[in-house]
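A.B. asks: Same order as they appear, the protein sequences are chains A and B. Numbered according to the working numbering, the first sequence spans residues 201 to 428. Numbered according to the working numbering, the second sequence spans residues 752 to 1188. Built from N, CA and C at the ideal position, the CB exists for glycine as well. Pasting a structure below so you can have a look.
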Amino acid sequence: MIWVALQPLIAAAILALIAGRVAKLPSDGIPHLLFVFCGLTIWNYFSQTAQRSSTSLVNNAQLVSKVYFPRMLIPLSHTFSTLVDFAVTLIMLFVFMAIYHVSPTLRLLAIPGFLFLTAITATGVALWFSALSVKYRDTNYALPLFLQIWMWASAIVYPTSVIESPRWQTLFALNPVVGFVEGFRWCVLGRSALTQTMLWITIGMSILALFTGAFFFRRVERDFADII
Amino acid sequence: MSEIALSIQNLSKSYRIAHQGGLRGYNTLHDELMTAPRRLINRIRGNGRSTSEIFWALKDVSFDVKQGEVLGIIGSNGAGKSTLLKILNRITEPTTGGVDIYGRVGALLEVGTGFHPELTGRENIFLNGAILGMTRAEIKRKFDEIVAFAEVERFLDTPVKRYSSGMYVRLAFGVAAHLDPEILLIDEVLAVGDADFQKKCLAKMEDVAANQGRTVIFVSHNMDAICRLCSRCILLRQGEIVKSGDTSGVVAAYLGGEQEPQHAPVVHFPQKDGDAVLGFAGLYGPEGQTTISFTTNQPILLKCSFNVHRRIPGLQLSFDVFNFKGDHVFYSTISMAEPAISIETPGEHKIAALIPGRLLLPGSYYVTLALHTPRTKLYDRRRQALGFKIVATMADRFDGFSGEDLGQVYADVKWQRVDEQDKESPARNSISVLSSG
């Protein structure tokens, strides 16, 4: 349990230090630690789900090659099990809010909505990578790198507002993670660059991720037992 | 009872097997990305030559199984038995053809099917039940029965990775047989358990089929078990159904001519220089026909000819019989002949040797022939010149045992009840009865 709490805490501390003191990135006037921790809370849920489920099929090769059941259940189970980690981080986030005197508002009630979008996208990514890892065992080496790049390409240590032109901001939202992170920040901190157009794009991209993932998974599923 | 439980139409399954030397089957994302341009060029040029080969594990297999029937599937290794069960269990999909299954399928494919090694025995029982689509309450009802059957009470909370293979297979069989599947697939599981457990498994399978009206599909190399359990049998060879129907007929066909002959029954040796050289050897059955397949009770006639070019005092012809594992089974030499046969004189000699029946157990054997003056000089030796196999007959009573369980020789032991009234010397009495009869 301690690792679940410690990991985002240390990651947030380091990132906040780099972003605030070294790179001097803006944070919409919010204390850097709180700002980064808020972004990491939702990002960690996303990346943990993708990472754990990507190895799940290979780890359960014995079941996959010997028993029939809907294979999709294996990666899907991680979408739910990582919710526990998310809950722990969320509680810590509330503690941070109290420390920094950020008063909770009714906007917090929108968290499940953004969490749902995150879960959908994470599941889509998880389905892609878990299916790929059955065929290509080195997927598990490529994924952390991919996620690392993805994290820096999403507005986690910096606000979307660093992009000045609204048109480019909208384009930036094609990365669905930007949408949840900004949405989550809106719920918690009340300040965000999220526009209605961006929200729609995020919803669209999330659904696209889920459907392409599920489609790809279904297509390669029939060969799993033969190649795993 | 005559309803169809399972119906298979024109089922085929192919696998691609990659060959060394050519491009591999792209096992890594890295390779896939790196070779993508080259493959693209190849495709444009139209010389996308495939280096892999298609292997058909099953070819056009069709059959129906009725509810409550016990169907045996037999065949030598690589015949496609396990692939067939995997398809029936929906683990892999057939390349062409289809399967209609009416009912819940429970399967035991190899040892420890569907067990998660990190979970305990108790957790695995629930996991397997859940996979079969049973509710928690249903599994709980069956739980004690499974544990009692598998005899693993003390180890229920030990992760199954620490189980012995016997415990593993006992629990696996217990789970598969007790969780009430409507169709039970069993793939050669009796090989691991001890004799007691094998009996228990057979009894349970009989019970499942006869009393509960469930369908059982049973794959085994144990012909005694097949004969005992199955009313109908299918013989597969290289992915095709060779014979199906009444168990005894199919089993006989399997034992009779299933394994491809590795040796011709008659060989003519390439000639070479020497003072004594083997020319020919052959194996003959009881009707004088050349054959390499004998039943346990048939004598084997070995004939051979050789040329002696100068007089060799003390020349002997001998042969050794080895089993398939290379164990030396016995040695025999012409000096045992009664009356004596002399082969010292120059010229061509033709010799026959009769190996009695009821001497060798079922299995494959090889014959090495030699011409030599014992412990002095070897004139000619042909290693594994001949090969033959012994097959069990329906009359052989092996109690469900096979292979190494039977020992080394076919012991033609006479059994008789000792007369209780004769307290004087029962042993001597019984011996006299046997020797007189």
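Using only alpha-carbon positions, find the residue among A:A331, A:I242 and A:L225 that is nearest to A:A287.
C.D. replies: Locating residue 287 of chain A in the first sequence gives position 87, counting from the first residue. It is A:I242 whose Cα lies nearest to the Cα of A:A287.
A.B. asks: Excluding five sequence neighbours on each side, which residues of the same chain lie with their C-beta closer than 7 Å to the C-beta of B:L883?
C.D. replies: Counting from 1 along the second sequence, the entry for residue 883 of chain B is found at position 132. Here the set comprises R855, G857, L930 and P932.
A.B. asks: Can you tell me where the alpha helix (DSSP H) holding A:R391 begins and where it ends?
C.D. replies: The count along the first sequence starts at 1 and reaches residue 391 of chain A at position 191. No alpha helix (DSSP H) holds A:R391; DSSP gives it neither H nor E.
A.B. asks: Determine which residues share a DSSP beta bridge with B:G849 and list them.
C.D. replies: Against the second sequence, residue 849 of chain B aligns to sequence position 98. Beta-bridge partners assigned by DSSP to B:G849: B:Q760.
A.B. asks: Return the bridge partner residues of B:D931 from the DSSP annotation.
C.D. replies: Position 180 of the second sequence holds residue 931 of chain B. Its beta-bridge partners do not exist; DSSP assigns none.
A.B. asks: Residues of chain A with CB under 9 Å from B:Y766, in chain order?
C.D. replies: Taking the first residue of the second sequence as 1, we reach residue 766 of chain B at position 15. At a beta-carbon threshold of 9 Å, the residues of chain A lying near B:Y766 are D426, ordered along the chain.
A.B. asks: Using only the alpha-carbon positions, how far apart do B:G849 and B:S813 sit?
C.D. replies: Residue mapping note: residue 849 of chain B aligns to position 98 of the second sequence, counting from 1. Residue mapping note: residue 813 of chain B aligns to position 62 of the second sequence, counting from 1. If I take the Cα positions, the gap works out to 9 Å.
A.B. asks: Does the segment 1052 to 1060 of chain B come within contact of the segment 1095 to 1110 of chain B, defined as at least 3 CB pairs closer than 8 Å?
C.D. replies: yes
A.B. asks: Restricting to Cα atoms, I'd like to know which of B:E1038, B:T779, B:L809 and B:I937 is closest to B:N761.
C.D. replies: Taking the second sequence and counting its residues from 1, one reaches residue 761 of chain B at position 10. Minimum Cα-Cα distance from B:N761 among the listed residues B:E1038, B:T779, B:L809 and B:I937 corresponds to B:L809.
A.B. asks: To the nearest angstrom, how far is the alpha carbon of B:A976 from that of B:D1071?
C.D. replies: Against the second sequence, residue 976 of chain B aligns to sequence position 225. Against the second sequence, residue 1071 of chain B aligns to sequence position 320. Roughly 33 Å between the two C-alpha positions.
A.B. asks: So with CB distances below 9 Å, who are the chain A contacts of B:N840?
C.D. replies: Position 89 of the second sequence, counted from the start, is the residue given in the question as residue 840 of chain B. What B:N840 touches in chain A, judged by beta-carbon distance under 9 Å, is K266, V267 and Y268, going in chain order.
A.B. asks: By Cβ distance below 7 Å, which residues in the same chain neighbour A:R307 in space, the five residues on each side in sequence not counted?
C.D. replies: Taking the first sequence and counting its residues from 1, the one referred to as residue 307 of chain A is at position 107. The residues are W386, C387 and G390.
A.B. asks: What does A:T339 touch in chain B if you count any residue whose Cβ is under 8 Å from its own?
C.D. replies: Position 139 of the first sequence holds residue 339 of chain A. Chain B residues near A:T339: L780.
A.B. asks: Can you give the beta carbon distance from A:T282 to A:T249, rounded, assuming they're within the 8 Å contact cut?
C.D. replies: Here residue 282 of chain A is taken as the residue at index 82 of the first sequence, counted from 1. Here residue 249 of chain A is taken as the residue at index 49 of the first sequence, counted from 1. A:T282 to A:T249, Cβ: 5 Å. Contact.
A.B. asks: Tell me the residue span of the alpha helix (DSSP H) that contains B:R748.
C.D. replies: In the structure displayed, chain B extends from 752 to 1188; residue 748 of chain B sits before or after that span and is not available.
A.B. asks: By the criterion of Cβ-Cβ separation under 7 Å, what are the contact partners of B:G880 in chain A?
C.D. replies: Taking the first residue of the second sequence as position 1, residue 880 of chain B is located at position 129. Per Cβ cutoff of 7 Å: no residues; B:G880 is ~12 Å from chain A at best.
A.B. asks: Enumerate in chain order the residues of its own chain whose CB-to-CB distance from B:K950 is below 8 Å, with the five nearest sequence positions on each side excluded.
C.D. replies: In the second sequence, the residue the question calls residue 950 of chain B occupies position 199. The residues are G1151.
A.B. asks: How about the segment 779 to 786 of chain B and the segment 329 to 345 of chain A: do they share at least three Cβ pairs that are nearer than 8 Å?
C.D. replies: yes
A.B. asks: Residues of chain A with a CB under 9 Å from the CB of B:H867: which are they?
C.D. replies: On the second sequence, position 116 is the one that residue 867 of chain B refers to. Annotation: Cβ neighbours of B:H867 in chain A (cutoff 9 Å, chain order): N260, Q262 and L263.
A.B. asks: Under three-state DSSP, which class holds B:T1084?
C.D. replies: By 1-based counting over the second sequence, the position of residue 1084 of chain B is 333. Three-state result, B:T1084: strand.
A.B. asks: Can you check which of these residues, A:I218, A:I363 and A:V381, is closest to A:M351 by C-alpha distance?
C.D. replies: The residue you call residue 351 of chain A lines up with position 151 of the first sequence. When only C-alpha atoms are compared, the closest one is A:V381.
A.B. asks: How should A:F294 be labelled, buried or exposed, when 16 other C-beta atoms within 10 angstroms of its C-beta is the threshold for buried?
C.D. replies: The residue given as residue 294 of chain A occupies position 94 in the first sequence. Classification of A:F294: exposed, given that the 10 Å Cβ count is below 16.
A.B. asks: How is the beta strand (DSSP E) around B:C984 delimited, first residue to last?
C.D. replies: For the purposes of this step, residue 984 of chain B is taken as residue 233 along the second sequence, with counting starting at 1. Counting along the chain, the beta strand (DSSP E) containing B:C984 begins and ends at R983 to R988.
A.B. asks: Determine the extent of the alpha helix (DSSP H) in which B:S971 is found, giving its start and end residues.
C.D. replies: The sequence position of residue 971 of chain B within the second sequence is 220, counting from 1. Annotation: B:S971 is outside any alpha helix (DSSP H) and is labelled neither H nor E by DSSP.
A.B. asks: For the 8 Å Cβ check, are there 3 or more pairs between the segment 826 to 836 of chain B and the segment 965 to 976 of chain B?
C.D. replies: Flag = yes, the segment 826 to 836 of chain B and the segment 965 to 976 of chain B touch.
A.B. asks: Quick check: the segment 1127 to 1136 of chain B against the segment 1155 to 1170 of chain B, are at least 3 beta-carbon pairs closer than 8 Å?
C.D. replies: Short answer: they don't touch.
A.B. asks: Once you ignore the five residues that flank B:I1085 on each side, which residues in its own chain have a CB closer than 6 Å to its CB?
C.D. replies: By one-based count along the second sequence, residue 1085 of chain B stands at place 334. The residues are Q1067, L1068 and I1092.
A.B. asks: So which residues of chain B does A:R422 contact, with C-beta pairs closer than 8 Å?
C.D. replies: Along the first sequence, read from residue 1 onward, the residue named residue 422 of chain A stands at position 222. Correct list: T843 and E844.
A.B. asks: Can you tell me whether B:Y1082 is buried or exposed, with buried defined as 16 or more other CB within 10 angstroms of its CB?
C.D. replies: Here residue 1082 of chain B refers to the residue found at position 331 when the second sequence is read from its first residue. By the 10 Å Cβ count, B:Y1082 comes out exposed.
A.B. asks: List the residues that DSSP assigns as beta-bridge partners of B:K817.
C.D. replies: By one-based count along the second sequence, residue 817 of chain B stands at place 66. DSSP lists B:I755 as partners of B:K817.
A.B. asks: Beta carbons nearer than 9 Å to chain A: which residues of the segment 1037 to 1068 of chain B have them?
C.D. replies: none
A.B. asks: Using a Cβ cut-off of 8 Å (strictly closer), state whether A:A287 contacts chain B.
C.D. replies: Taking the first residue of the first sequence as 1, we reach residue 287 of chain A at position 87. Closer than 8 Å: no.
A.B. asks: Does A:L225 come out as helix, strand or coil in the three-state DSSP assignment?
C.D. replies: Working through the first sequence from its first residue, we reach residue 225 of chain A at position 25. In the structure shown, A:L225 sits in coil (DSSP, three-state: anything other than H, G, I, E or B).
A.B. asks: If you follow the beta strand (DSSP E) that B:K837 is in, where does it begin and where does it stop?
C.D. replies: Taking the second sequence and counting its residues from 1, the one referred to as residue 837 of chain B is at position 86. Careful: B:K837 lies outside any beta strand (DSSP E), inside the alpha helix (DSSP H) at K832 to L839.
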